[in-house]
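Chains as they are written, first to last, in UniProt numbering: chain A, 1 to 207; chain B, 1 to 207.
Pasting the structure below:
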């Protein structure tokens with residue numbers, strides 16, 4: 001069974017072994033003749049898939065996830081279905097953080113992704129263009145611009161996830177998961193969590 | 001004495017009463033015949049002032065501020081000189097946070113300003129274009145996109161400033177100072193703090 005998670009900027013495919021990453025156009029071209037189960041947060045690409053009459057099947061939200069959150073992205077729903085208890089940090093174009101307790105989603109928030117944040121600093125001033133230091137000590141006050149920008153990006157993640165995780169396990173996924181793993185020594189990096197959730201959705205919906 | 005703080009996107013003038021805000025070109029035109037003491041983080045505008053042979057006098061860093069920080073912006077130096085003890089949050093095009101203890105700068109960090117952060121969310125996805133809620137409860141997990149984005153912007157400020165402020169007073173300045181004041185009920189909003197520091201620098205340097 002070929003699964004696909006369509007994000008804002010890329011497509012991620014999973015067949016049970018490795019995860020393959022493509023641009024939208026590359027992914028559509030590469031798997032145009034396959035049967036693909038997909039979730040999408042990108043309406044433009046979803047429309048394109050429908051227009052192309054591919055054998056792709058959209059896996060939609062059927063209220064599988066218990067939550068009070070209005071408008072939770074389907075990728076976040078899938079990621080939350082992938083765990084029973086814990087905090088999921090999905091670090092891609094955006095960084096989403098979601099808290100799950102006994103299978104119930106308690107809420108979560110959104111940050112721009114690391115690449116987008118760095119661009120945001122550069123847009124303000126060329127002086128803020130730095131080589132990111134993911135090993136910056138977020139418990140100490142920065143002493144130069146590289147530290148100040150790196151701290152600005154990483155310290156909020158450390159501070160807020162620790163506040164809301166309490167004693168729950170932290171699961172990291174998405175393209176920047178490994179960069180963030182130094183902030184959470186006990187965290188698990190699980191690149192398949194969204195696909196685990198998708199499988200549950202497919203099984204329960206019978207689609 | 002007319003003082004001017006030249007930022008990345010605007011100029012801020014102070015004559016002892018109110019603070020006037022101008023674009024760079026407007027400010028240069030409006031005060032071209034005046035004697036203006038200025039600090040600048042914008043080298044392009046500094047060069048332009050020199051080229052125009054105005055009666056403007058640059059107030060430079062003369063190591064007035066005790067700090068181990070390398071490359072601290074002159075506006076942050078001035079703001080830190082404006083207090084003896086406390087945390088200064090200067091919320092403009094960028095948000096800078098600096099900690100001062102007994103007149104010594106202990107370090108600090110940088111975030112993109114609120115407007116830049118909002119644009120950053122919009123660039124990722126139109127779905128992340130929201131009306132910012134500065135009164136979002138940063139102690140609770142967000143339950144919709146507006147809360148998730150507002151929390152993403154404000155919760156880091158609350159979480160990290162509280163961590164590093166400890167029992168120091170918090171002083172807010174810059175164009176978005178009032179927006180941030182709901183995060184810190186005991187904070188002081190002081191739009192003149194940079195100019196207070198500038199006056200000290202002018203007095204001590206005798207320029």
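Every residue gets a Cβ at the ideal spot worked out from N, C-alpha and C, and that includes glycine.
{"Item": "Distance between residue 83/A and residue 54/A (C-alpha atoms, nearest Å)", "Value": "31 Å"}
{"Item": "Where residue 166/B meets chain A, residues with beta-carbon distance less than 7 Å", "Value": "In chain order: nothing, as chain A lies at least about 12 Å away."}
{"Item": "Three-way DSSP call (helix, strand, coil) for residue 127/A in this model", "Value": "helix"}
{"Item": "For residue 160/A: DSSP bridge partner residues", "Value": "BP columns for residue 160/A are empty, so no partner."}
{"Item": "Candidates 199/B, 136/B, 166/B, 152/B: closest to residue 182/B by CA position", "Value": "136/B"}
{"Item": "Alpha-carbon spacing of residue 63/B relative to residue 100/B, whole angstroms", "Value": "15 Å"}
{"Item": "Length of the line joining the Cα atoms of residue 128/A and residue 115/A", "Value": "14 Å"}
{"Item": "Where the alpha helix (DSSP H) containing residue 4/A begins and where it ends", "Value": "Here residue 4/A belongs to no alpha helix (DSSP H); instead the beta strand (DSSP E) covers 2-6."}
{"Item": "Beta-ladder partner(s) of residue 69/B, from DSSP", "Value": "In DSSP, residue 69/B forms no bridge with anything."}
{"Item": "Alpha helix (DSSP H) segment containing residue 60/B, residue limits", "Value": "Residue 60/B -> no alpha helix (DSSP H), and no H or E assigned at all."}
{"Item": "Closest residue to residue 2/B among 179/B, 56/B, 22/B, 44/B (Cα-Cα distance)", "Value": "56/B"}
{"Item": "Inter-residue spacing [alpha-carbon to alpha-carbon] between residue 89/A and residue 201/B", "Value": "46 Å"}
{"Item": "Contact list for the stretch 69-100 of chain A against chain B, Cβ threshold 7 Å", "Value": "69, 70, 71, 93, 94, 99"}
{"Item": "Where the beta strand (DSSP E) through residue 169/A begins and ends", "Value": "Looking at the DSSP string, residue 169/A is not in any beta strand (DSSP E), and its letter there is neither H nor E."}
{"Item": "Span separating the alpha-carbon of residue 193/B from that of residue 184/B", "Value": "18 Å"}
{"Item": "Simplified DSSP assignment, three categories, for residue 20/B", "Value": "strand"}
{"Item": "Residue closest to residue 52/A, alpha-carbon to alpha-carbon, out of 119/A, 7/A, 37/A, 29/A", "Value": "29/A"}
{"Item": "Whole-angstrom distance between residue 77/A and residue 278/B, CA atom to CA atom", "Value": "Only positions 1 to 207 of chain B appear in this structure, which leaves residue 278/B out of reach."}
{"Item": "Exposure label - residue 147/A; buried when at least 16 CB within 10 Å", "Value": "buried"}
{"Item": "Own chain, CB closer than 8 Å to residue 87/B, minus 5 neighbours either side, in chain order", "Value": "97, 98, 99, 100, 161, 164, 165, 168, 169, 170, 171"}
{"Item": "Test: residue 151/B CB closer than 7 Å to a CB of chain A", "Value": "yes"}
{"Item": "Opening and closing residue of the beta strand (DSSP E) in which residue 106/B lies", "Value": "104-112"}
{"Item": "Short CB-CB distance (under 7 Å) between residue 177/A and chain B", "Value": "no"}
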